[in-house]
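Basically this note's numbering = 1-based index in the sequence shown + 27. The C-beta atom is built at its ideal place from N, Cα and C for all residues, glycine as well. Working notes for the structure below.
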Amino acid sequence: MRFRCFRSASAILCAAALLTPQPIRAAPTPAGGETVAQALCRVITGAAEAQKLPVGFLTRLIWQESAFRAEATSPAGAQGIAQFMPGTAAERGLDDPFDPEKAVPASAALLAELSGRFGNLGLAAAAYNAGPRRVADWLAGRGGLPFETRDYVERITGRSAEDWAADAKAHATRDLAVDPQNCLQLAATLRTAPRRGGTRMAEAPFAPWGVQLAGNFSKSLALASFSRARASLSAVIGDIRPMVIGTRLRTRGTRAFYRVRVPANSRQEADALCRRIQAARGACVTLRS
């Protein structure tokens, strides 16, 4: 099945079919008799097997990224079912992140490479979420790991990022437990399970400190300004996902003012990043969240 339904007027129906907590065996689509869920799981299973990844690991990661929504777009600009940032998609040769049959194999290939680089799947998931540079800096003691990433790793693998880091440091090899459910069964479980938070596209990362790069009464304009700053400072901040904070200013009526910041776990971490940004001729300010 090609995923044409996601690019047509029936996209809303497709999304509704995926998000409604119904049994996974939905009515077959007109073309080929394969449901959307079955088609996605076919692609996920094939991509996982091609890269020698556990099917359950890739299923959980893709679900955490987008809840299987092929047209998902995050406030930070991540796109598609696997939530590729445009820069990362270009680096990976992914010309259409909204096509699951291209995006899922690209995601699996990237995860396999990250696993080889960092030593295990837990750190690969962390790097997929926070970026390889941030994980490398964290492992080297040069910064922290965002709360969002810590939660992300534990939801997908059942273990903490610190546990995975300890394994890598000890050169220990610990496989994920074999998931007794196949992709379809796991997707049905994930769909009906209580969620401790939204997917990446529905929530921004949060940290106690942040390095502010943009602000505006228009959220879209604030994010656009951040995107421009990130492009000019890519060597410093990479593809980091921003923290968006909307608050009302007492002197400016009831409209919310949106501040877009790079998250940091401590003032020291935020100050160090802001100094690097300023050294690269960028403008920033360190603020408590």
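Three-state class that DSSP yields for residue i in the structure shown
{"i": "Leu260", "result": "coil"}
{"i": "Leu85", "result": "helix"}
{"i": "Gln106", "result": "strand"}
{"i": "Ala307", "result": "coil"}
{"i": "Ala64", "result": "helix"}
{"i": "Gly185", "result": "coil"}
{"i": "Thr72", "result": "helix"}
{"i": "Pro290", "result": "strand"}
{"i": "Gly146", "result": "coil"}
{"i": "Asn209", "result": "coil"}
{"i": "Thr200", "result": "coil"}
{"i": "Gln239", "result": "strand"}
{"i": "Gly114", "result": "helix"}
Beta-carbon separation (whole angstroms), residue i vs residue j, contact threshold 8 angstroms
{"i": "Thr184", "j": "Leu203", "result": "6 angstroms"}
{"i": "Ile304", "j": "Arg288", "result": "Rounded, the Cβ-Cβ distance is 12 angstroms, inconsistent with contact."}
Nearest candidate by alpha-carbon position, reference residue i, set the options
{"i": "Phe125", "options": "Glu118, Ala105, Glu140 and Leu138", "result": "Ala105"}
{"i": "Trp191", "options": "Asp164, Thr176, Leu150 and Ala241", "result": "Leu150"}
{"i": "Ala117", "options": "Leu137, Ser101 and Ala99", "result": "Leu137"}
{"i": "Ala310", "options": "Gln295, Ser316 and Leu260", "result": "Leu260"}
{"i": "Cys186", "options": "Ala152, Pro159, Arg315 and Pro207", "result": "Here residue 186 turns out to be Arg, not Cys, going by the sequence shown. Looking at the Cα atoms, Ala152 is the closest of the given residues."}
{"i": "Ile264", "options": "Arg218, Phe253 and Gln208", "result": "Phe253"}
{"i": "Arg308", "options": "Gln295, Pro81, Arg268 and Ala258", "result": "Ala258"}
{"i": "Val180", "options": "Thr100, Leu85 and Tyr285", "result": "Leu85"}
Neighbourhood of residue i by C-beta distance below 6 angstroms, restricted to the same chain and skipping five residues each side
{"i": "Glu140", "result": "none"}
{"i": "Pro319", "result": "Here the chain has residues from 28 to 316 only, and residue 319 is not among them."}
{"i": "Gly1", "result": "With the chain covering only 28 through 316, there is no way to say anything about residue 1."}
{"i": "Arg201", "result": "Asp194"}
Under 8 angstroms between C-beta atoms of residue i and residue j
{"i": "Ala214", "j": "Trp90", "result": "yes"}
{"i": "Cys234", "j": "Pro173", "result": "Residue identity check: residue 234 is Ala in the sequence provided, not Cys. Contact flag set, yes."}
{"i": "Ala133", "j": "Leu121", "result": "yes"}
{"i": "Ser293", "j": "Gly171", "result": "yes"}
{"i": "Leu211", "j": "Gln78", "result": "no"}
{"i": "Gly242", "j": "Ala251", "result": "no"}
{"i": "Arg161", "j": "Ile267", "result": "yes"}
Contact set for residue i: own chain, Cβ-Cβ below 7 angstroms, skip 5 residues either direction
{"i": "Val131", "result": "Val70, Ile71, Ala74, Ile89, Ile108 and Ala109"}
{"i": "Ile51", "result": "Because Ile51 sits at a pLDDT of 35, beneath the cut-off of 50, its placement in the model cannot be relied upon, and the following sentence gives the value as read from the coordinates. These residues qualify, in order along the chain: Ala64, Leu211, Ala214 and Ala215."}
Sequence-distant residues of its chain with Cβ nearer than 8 angstroms to residue i (five each side left out)
{"i": "Phe111", "result": "Ala105, Arg119, Leu121, Pro124, Ala130, Ala133 and Ser134"}
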